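Peer 1: Protein chains in written order, with this note's numbering: chain W, 21 to 378; chain H, 21 to 378; chain A, 21 to 378. Note that CB positions come from ideal geometry on N, CA and C, so glycine has one too. This one's a predicted model, so the numbers in the text were calculated from it and none came from an experiment.
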Amino acid sequence: MKALHNIWYVAAMSTEVDASALFHRKILDTSVLIYRKQDGTPVAMHDRCPHRFAPLHLGKRVGDEVSCLYHALRFDCSGRCTHNPHGAGATPPNARVRVFPLLERHGFIWIWMGEAPADPTKLPDFGPLDDGHPNAFAATYMHMKANYELIVDNVMDLSHIDHVHGEIITTRGQLSPLTPRLTETPTTITSRSEWTQQPPLMIFSPFMADPQASARHYFEITWTAPANIQLSVGAVQDDSKNLDLVDCIGQYDLHTCTPETADTTHYFFATRRNHLVDDGEFNKAKIQAMHTAFETEDGPVIEAVHAEMGTDDFFGLHPVLICNDAGPIKVRRLLRKMIDAEAQTPAANLRVRAVGSH
Amino acid sequence: MKALHNIWYVAAMSTEVDASALFHRKILDTSVLIYRKQDGTPVAMHDRCPHRFAPLHLGKRVGDEVSCLYHALRFDCSGRCTHNPHGAGATPPNARVRVFPLLERHGFIWIWMGEAPADPTKLPDFGPLDDGHPNAFAATYMHMKANYELIVDNVMDLSHIDHVHGEIITTRGQLSPLTPRLTETPTTITSRSEWTQQPPLMIFSPFMADPQASARHYFEITWTAPANIQLSVGAVQDDSKNLDLVDCIGQYDLHTCTPETADTTHYFFATRRNHLVDDGEFNKAKIQAMHTAFETEDGPVIEAVHAEMGTDDFFGLHPVLICNDAGPIKVRRLLRKMIDAEAQTPAANLRVRAVGSH
Amino acid sequence: MKALHNIWYVAAMSTEVDASALFHRKILDTSVLIYRKQDGTPVAMHDRCPHRFAPLHLGKRVGDEVSCLYHALRFDCSGRCTHNPHGAGATPPNARVRVFPLLERHGFIWIWMGEAPADPTKLPDFGPLDDGHPNAFAATYMHMKANYELIVDNVMDLSHIDHVHGEIITTRGQLSPLTPRLTETPTTITSRSEWTQQPPLMIFSPFMADPQASARHYFEITWTAPANIQLSVGAVQDDSKNLDLVDCIGQYDLHTCTPETADTTHYFFATRRNHLVDDGEFNKAKIQAMHTAFETEDGPVIEAVHAEMGTDDFFGLHPVLICNDAGPIKVRRLLRKMIDAEAQTPAANLRVRAVGSH
Numbered sequence: 021m022k023a024l025h026n027i028w029y030v031a032a033m034s035t036e037v038d039a040s041a042l043f044h045r046k047i048l049d050t051s052v053l054i055y056r057k058q059d060g061t062p063v064a065m066h067d068r069c070p071h072r073f074a075p076l077h078l079g080k081r082v083g084d085e086v087s088c089l090y091h092a093l094r095f096d097c098s099g100r101c102t103h104n105p106h107g108a109g110a111t112p113p114n115a116r117v118r119v120f121p122l123l124e125r126h127g128f129i130w131i132w133m134g135e136a137p138a139d140p141t142k143l144p145d146f147g148p149l150d151d152g153h154p155n156a157f158a159a160t161y162m163h164m165k166a167n168y169e170l171i172v173d174n175v176m177d178l179s180h181i182d183h184v185h186g187e188i189i190t191t192r193g194q195l196s197p198l199t200p201r202l203t204e205t206p207t208t209i210t211s212r213s214e215w216t217q218q219p220p221l222m223i224f225s226p227f228m229a230d231p232q233a234s235a236r237h238y239f240e241i242t243w244t245a246p247a248n249i250q251l252s253v254g255a256v257q258d259d260s261k262n263l264d265l266v267d268c269i270g271q272y273d274l275h276t277c278t279p280e281t282a283d284t285t286h287y288f289f290a291t292r293r294n295h296l297v298d299d300g301e302f303n304k305a306k307i308q309a310m311h312t313a314f315e316t317e318d319g320p321v322i323e324a325v326h327a328e329m330g331t332d333d334f335f336g337l338h339p340v341l342i343c344n345d346a347g348p349i350k351v352r353r354l355l356r357k358m359i360d361a362e363a364q365t366p367a368a369n370l371r372v373r374a375v376g377s378h
Numbered sequence: 021m022k023a024l025h026n027i028w029y030v031a032a033m034s035t036e037v038d039a040s041a042l043f044h045r046k047i048l049d050t051s052v053l054i055y056r057k058q059d060g061t062p063v064a065m066h067d068r069c070p071h072r073f074a075p076l077h078l079g080k081r082v083g084d085e086v087s088c089l090y091h092a093l094r095f096d097c098s099g100r101c102t103h104n105p106h107g108a109g110a111t112p113p114n115a116r117v118r119v120f121p122l123l124e125r126h127g128f129i130w131i132w133m134g135e136a137p138a139d140p141t142k143l144p145d146f147g148p149l150d151d152g153h154p155n156a157f158a159a160t161y162m163h164m165k166a167n168y169e170l171i172v173d174n175v176m177d178l179s180h181i182d183h184v185h186g187e188i189i190t191t192r193g194q195l196s197p198l199t200p201r202l203t204e205t206p207t208t209i210t211s212r213s214e215w216t217q218q219p220p221l222m223i224f225s226p227f228m229a230d231p232q233a234s235a236r237h238y239f240e241i242t243w244t245a246p247a248n249i250q251l252s253v254g255a256v257q258d259d260s261k262n263l264d265l266v267d268c269i270g271q272y273d274l275h276t277c278t279p280e281t282a283d284t285t286h287y288f289f290a291t292r293r294n295h296l297v298d299d300g301e302f303n304k305a306k307i308q309a310m311h312t313a314f315e316t317e318d319g320p321v322i323e324a325v326h327a328e329m330g331t332d333d334f335f336g337l338h339p340v341l342i343c344n345d346a347g348p349i350k351v352r353r354l355l356r357k358m359i360d361a362e363a364q365t366p367a368a369n370l371r372v373r374a375v376g377s378h
Numbered sequence: 021m022k023a024l025h026n027i028w029y030v031a032a033m034s035t036e037v038d039a040s041a042l043f044h045r046k047i048l049d050t051s052v053l054i055y056r057k058q059d060g061t062p063v064a065m066h067d068r069c070p071h072r073f074a075p076l077h078l079g080k081r082v083g084d085e086v087s088c089l090y091h092a093l094r095f096d097c098s099g100r101c102t103h104n105p106h107g108a109g110a111t112p113p114n115a116r117v118r119v120f121p122l123l124e125r126h127g128f129i130w131i132w133m134g135e136a137p138a139d140p141t142k143l144p145d146f147g148p149l150d151d152g153h154p155n156a157f158a159a160t161y162m163h164m165k166a167n168y169e170l171i172v173d174n175v176m177d178l179s180h181i182d183h184v185h186g187e188i189i190t191t192r193g194q195l196s197p198l199t200p201r202l203t204e205t206p207t208t209i210t211s212r213s214e215w216t217q218q219p220p221l222m223i224f225s226p227f228m229a230d231p232q233a234s235a236r237h238y239f240e241i242t243w244t245a246p247a248n249i250q251l252s253v254g255a256v257q258d259d260s261k262n263l264d265l266v267d268c269i270g271q272y273d274l275h276t277c278t279p280e281t282a283d284t285t286h287y288f289f290a291t292r293r294n295h296l297v298d299d300g301e302f303n304k305a306k307i308q309a310m311h312t313a314f315e316t317e318d319g320p321v322i323e324a325v326h327a328e329m330g331t332d333d334f335f336g337l338h339p340v341l342i343c344n345d346a347g348p349i350k351v352r353r354l355l356r357k358m359i360d361a362e363a364q365t366p367a368a369n370l371r372v373r374a375v376g377s378h
């Protein structure tokens, strides 16, 4: 699969891995076990006993260690074998399970699948998710039968929303004619659109002074590698105000994709809004609406595109590009450049060969 | 897939594509969209938007045009992009969908999938389907998990009918001992058998002077490329009469196969009988009986053969051939010759490479 | 698939092939038809008509012969075509179905899939299954989604039983610390373990003098090619007695695997016990318990290992081996040596090429 490895991916929502779970998920074609130590710290390792290759998630917890179901070899959080009930009980020194570095931030457990040393500074700051009332934050997960780059394309270019989605987030045709303003750094690509519509986006209008009057709106979308997209969106009716989340009724979202295989993706979504922040029922309804929109509108289109393409070689199919593709195409090109650079790093290659667990 | 391309295949029964449908079907490994213009004329194009590869059948009709669901690019019946709601609205000149020529005849919509110019004279005349009372005509469709040539084999050699089928079309062992008379032209292979049986074929006996008496019968089966088989069958008790559909109680059938993939086939069937021509209920019962016979008798055998072969290289498995194979083997050899000739046509190859949509 | 061919595999339990059956099963990637002659002798042949490749099991019995459903070619037990209803009725001399030698012994029908002449002396003697009351014998079959060598591993090394299984066959931790005693011959590998536990194995304790007292136990496990494992297990409380089936409460089992494909296996099991030998209800309960144990305990682990490995190249994944692996590893190495030797036998290769039915 063409993907970055020396980078952080979401492995799970924090809420997916409870205190006693032996949670497992395939990430970048590799089976991963995740569980929490008794102090709550999450641990990830290859979900494969090095002895007879039984998935470790079938086993059981023994304190902070995990015991394989098949022959009861036991491994600690560093992947070292600490117990062997067979024969004289010697633990083979080469019986090591590969451990994956984790970070737990912003409601997610992030994993580093690459061979290079994990670099916490490579995880972007998604701090806006953290600050505020707990009932203004929500996260969710969807499994998609599509290559992850098709989902990034979908979020990086929102010009589809008037065509794919229903009334709830229609811009009444205002968005498509706009050419988003793109800004780049060596590691980010940002796309910003501003427009005026009447009435405002229905997700915001109930919280505005005049729900039927015109309002200025903006989207600001920032990609960071490998597949994180921060999305700020808001609306304001007072012309003296700024188009940002300080002045607008709006929300900050994180969309992030973790490849399972070349053909399937773990799609995670988190959101924090700046209005009606303490309303738990509204919070549940919002995340449910996001689920419904994605699963009945974007999701089927993206999966149909994936099936129709029959390959992950997007450029090889010679797409006809239009102005709204500028953002996602810049993302695809920068990501490809980073993947190619990683593949040419000799140290990483050597470690991959030595460990041999890919 | 080994198949002719510069030839007519049935894409759909006329009744499958109604006035508002965005009908789609995979043909020769290519996804095809079919719909009718407001004047009723059918249109076929690649079911893939050239922008982001969304299947166009997910979109919507706008007059005689089709609008892609994903980003609302709109295409006319020539495959030209006529509307782009994004940016300044320029329609990219290279945003063209490949269009496939169609002919609507004999109750079917026929498609030309090849790169060479469509040649209407290459569609054989199946006129006997057209003339007569509407209640004497019926057509149907079955999806088969088998290579199309195995279905052609089945219809070209009817010596199986006493073994595979039940009482309704038994020849009481008369057919197998006959060696069919084969005649050939550069583009057709015809197999004819004549025999006498008592009582007559049960599908005809109720319409004969003496349903229990002996009758002369005939089959005449004509293959034309790629996978069309015309089948006339009849019975007559008056010795002064001819063995044809003028003199016999009988019917004219068209069996025709369209490869979906190398392993699956769209099998179409149409029939016109020369007796009880105005009886709509009888007509329905006849087509239902054909369905039942094929789906419970021929179909399972053909699909089992396909699965057992595990390849479409029939001759590579070294079949042991017997006299009744002469017809289908001639068909396989002529078809292979035509496929090889087409593959060596430089012009076609060049166009395939240029368009790149196979 | 890496497997021996010139050797005996179980094709079916004797009870699976009744007097009128046209039984079929895929063995070593080849479809096989099995039926019984009127005298009860089983016959096996390629389940593929050499004419049009229809599976013969779809056909019908005609005395000791089988008639193909599709065109009624008929074949005798030697695979020779004896009847052709087509044309003048000549039976093509090359219309031969490959016949596979069979032996029916020990409740199973054994098949020889290789090209070399079948050698009955290569079937080991599993005589202990035969002698005794019929209600003390049982046999069963399970289909496994795993390579057959993983099942052999599982039975050759029983150190997993305290970890995978429940109370019914727990050794209370006595077995794992033991290093089995291995003995080898050029064609067998035997692993023997002896231990004392209190209370005895629950499958035997009800039949012992003091069901709660300590007892000496033993396992003796003998592999023969390709995938036969004889297992004797017993317990005794009188210290003057021997650890064998003469003196112990115990049972003799045969586990044997027949590859269907590289990824799926026919797993057969037979057992004879030396206690409560006339109790038919107990016999049924025993075989049901074995089914339950394997299907809910060993089976899921083995299939999970197979899926996690994603290959049948066990050594290529660099397993970390421990003392209890000595037996199964010797089996894997000896089997691989035998497979390599077979592959280098020129005669066998020549016959494979000549017959061409692999």
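If I follow the unbroken alpha helix (DSSP H) through P62(W), where does it start and stop?
Peer 2: Here the question's residue 62(W) lines up with position 42 in the first sequence. It is not in any alpha helix (DSSP H) - P62(W) instead sits in the beta strand (DSSP E) that spans 62-66.
Peer 1: Would you mind working out which of E135(A), A115(A), S211(A) sits nearest L251(A), comparing C-alpha positions?
Peer 2: Position 231 of the third sequence, counted from the first residue, corresponds to residue 251(A). Among E135(A), A115(A), S211(A), the Cα nearest to that of L251(A) belongs to S211(A).
Peer 1: Buried or exposed: which applies to S40(A), given that a residue is buried once 16 or more other Cβ atoms fall within 10 Å of its Cβ?
Peer 2: Numbered from 1 along the third sequence, position 20 holds the residue referred to as residue 40(A). Exposed, by the Cβ-count rule.
Peer 1: Compare the C-beta of H311(W) with all C-beta atoms of chain D and state if any pair is closer than 8 Å.
Peer 2: Here chain D cannot be found, since the structure's protein chains are W, H and A.
Peer 1: Taking contact to mean at least 3 C-beta pairs separated by less than 8 Å, is the stretch 193-208 of chain H in contact with the stretch 163-173 of chain H?
Peer 2: Too few Cβ pairs lie closer than 8 Å, so no.
Peer 1: Should A324(H) and L149(H) be called a contact, given that it needs their Cβ atoms to be closer than 8 Å?
Peer 2: Your numbering for residue 324(H) matches position 304 in the second sequence. Your numbering for residue 149(H) matches position 129 in the second sequence. Going by C-beta atoms, A324(H) is not nearer than 8 Å to L149(H).
Peer 1: What did DSSP end up calling G270(A) once you bin it into helix, strand or coil?
Peer 2: Against the third sequence, residue 270(A) aligns to sequence position 250. Looking at G270(A) - three-state DSSP - the assignment turns out to be strand.
Peer 1: From W389(A) to I249(A), what distance separates their C-alpha atoms?
Peer 2: With chain A covering 21 to 378 only, the question about residue 389(A) has no answer from this structure.
Peer 1: Measure the beta-carbon distance from L89(H) to V184(W) and round it to whole angstroms, keeping in mind my assumption that it falls under 8 Å.
Peer 2: For the purposes of this step, residue 89(H) is taken as residue 69 along the second sequence, with counting starting at 1. For the purposes of this step, residue 184(W) is taken as residue 164 along the first sequence, with counting starting at 1. Correct: roughly 6 Å between the Cβ atoms.
Peer 1: For Q218(A), collect the residues of the same chain with a Cβ closer than 8 Å to its Cβ; drop the 5 residues on either side in sequence, then sort them by chain order.
Peer 2: Position 198 of the third sequence, counting from 1, holds the residue named residue 218(A). If we look at Q218(A) and ignore the five residues flanking it on each side, its Cβ neighbours are R192, Q232, A233, S234, A235.
Peer 1: Report the residue ranges of all beta strand (DSSP E) runs contained in full by the stretch 121-183 of chain W; include only those spanning at least 3 residues, in chain order.
Peer 2: As far as the stretch 121-183 of chain W is concerned, its whole beta strand (DSSP E) runs of at least 3 residues are 122-125, 128-132, 157-164.
Peer 1: Let me see if you follow: with CB-CB separation under 8 Å, is L89(W) close to chain A or not?
Peer 2: Taking the first residue of the first sequence as 1, we reach residue 89(W) at position 69. Yes, because at least one Cβ of chain A sits closer than 8 Å to the Cβ of L89(W).
Peer 1: Just to check my reading of the structure: M21(W) and D59(W) have Cβ atoms closer than 8 Å, yes? What is that Cβ distance to the nearest angstrom?
Peer 2: On the first sequence, position 1 is the one that residue 21(W) refers to. On the first sequence, position 39 is the one that residue 59(W) refers to. Contact flag wrong, Cβ pair sits at about 34 Å.
Peer 1: Taking CB distances under 8 Å as the criterion, tell me whether A32(W) reaches chain H.
Peer 2: Taking the first sequence and counting its residues from 1, the one referred to as residue 32(W) is at position 12. No, A32(W) lies away from the interface with chain H (no Cβ there is under 8 Å from its Cβ).
Peer 1: In angstroms with no decimal places, state the Cα-to-Cα distance between F73(H) and P137(W).
Peer 2: Residue numbering aside, residue 73(H) sits at position 53 when the second sequence is read from its first letter. Residue numbering aside, residue 137(W) sits at position 117 when the first sequence is read from its first letter. Roughly 39 Å separates the two Cα atoms.
Peer 1: Is F43(H) close to chain W, meaning its C-beta is less than 8 Å from at least one C-beta of that chain?
Peer 2: Working through the second sequence from its first residue, we reach residue 43(H) at position 23. No, no contact with chain W.
Peer 1: Would you report the Cα separation of T331(A) and M33(A), rounded to the nearest angstrom?
Peer 2: What you label residue 331(A) is simply residue 311 of the third sequence in a count that begins at 1. What you label residue 33(A) is simply residue 13 of the third sequence in a count that begins at 1. C-alpha separation (whole angstroms): 29 Å.
Peer 1: Residues in the stretch 114-146 of chain W with C-beta within 9 Å of chain A's C-beta atoms, listed in sequence order?
Peer 2: Within the stretch 114-146 of chain W, the qualifying residues are N114, A115, R116.
Peer 1: Just checking my contact of W243(A) with W130(A) at CB under 8 Å: how many whole Å lie between their CB atoms?
Peer 2: For the purposes of this step, residue 243(A) is taken as residue 223 along the third sequence, with counting starting at 1. For the purposes of this step, residue 130(A) is taken as residue 110 along the third sequence, with counting starting at 1. Actually they do not touch by this definition, with Cβ atoms about 17 Å apart.
Peer 1: Run through chain H and tell me which residues come within less than 8 Å of A74(A), C-beta to C-beta.
Peer 2: Against the third sequence, residue 74(A) aligns to sequence position 54. In chain order: V321, A324, V325, E328.
Peer 1: Please state if the CB of G347(W) and the CB of M176(W) are separated by a distance shorter than 8 Å.
Peer 2: Here residue 176(W) refers to the residue found at position 156 when the first sequence is read from its first residue. Here residue 347(W) refers to the residue found at position 327 when the first sequence is read from its first residue. Result yes, Cβ atoms of M176(W) and G347(W) sit closer than 8 Å.
Peer 1: Name, going along the chain, the residues of the stretch 344-357 of chain H whose beta-carbon falls closer than 9 Å to a beta-carbon of chain A.
Peer 2: So the close ones are N344, D345.
Peer 1: Of all the residues that make up the stretch 39-64 of chain A, which are near chain H by a beta-carbon distance shorter than 7 Å?
Peer 2: Hits within the stretch, in order: S51.
Peer 1: For G68(W) and chain A, any beta-carbon pair shorter than 8 Å?
Peer 2: Reading the first sequence from its first residue, position 48 is the one you call residue 68(W). The residue you asked about is not Gly; residue 68(W) is Arg in the sequence shown. Yes, R68(W) lies at the interface with chain A (some Cβ there is under 8 Å from its Cβ).
Peer 1: Keeping to the same chain, check which residues put their C-beta closer than 7 Å to that of L265(H); ignore five residues upstream and five downstream.
Peer 2: Counting from 1 along the second sequence, the entry for residue 265(H) is found at position 245. So the qualifying residues of the chain are S252, G254, Y272, N294.
Peer 1: Report the rounded CA-to-CA distance for F288(A) versus G336(H), giving the unit in angstroms.
Peer 2: One-based indexing of the third sequence puts residue 288(A) at position 268. One-based indexing of the second sequence puts residue 336(H) at position 316. Approximately 35 Å between the Cα atoms of the pair.
Peer 1: Tell me whether the beta-carbon of L143(H) lies closer than 8 Å to the beta-carbon of M358(H).
Peer 2: As a first step, residue 143(H) must be located in the second sequence, where it is residue number 123. As a first step, residue 358(H) must be located in the second sequence, where it is residue number 338. Not closer than 8 Å, so no.
Peer 1: Could you say which of A158(A), R94(A), A64(A) lies nearest to H71(A) if we only look at CA atoms?
Peer 2: Here the question's residue 71(A) lines up with position 51 in the third sequence. H71(A) has its Cα closest to that of R94(A), out of A158(A), R94(A), A64(A).
Peer 1: Do we get a CB-CB distance below 8 Å when we pair A282(H) with the residues of chain W?
Peer 2: By one-based count along the second sequence, residue 282(H) stands at place 262. Chain W, which has no Cβ nearer than 8 Å to the Cβ of A282(H), makes this no.
Peer 1: Based on DSSP bridge pairs, tell me the residues matched to A290(W).
Peer 2: Position 270 of the first sequence, counting from 1, holds the residue named residue 290(W). A290(W) is bridged to A159(W), L274(W).
Peer 1: Just to confirm, are V117(A) and M162(A) a CB contact at a threshold of 8 Å?
Peer 2: Taking the third sequence and counting its residues from 1, the one referred to as residue 117(A) is at position 97. Taking the third sequence and counting its residues from 1, the one referred to as residue 162(A) is at position 142. Not in contact: V117(A) and M162(A) (Cβ atoms no closer than 8 Å).
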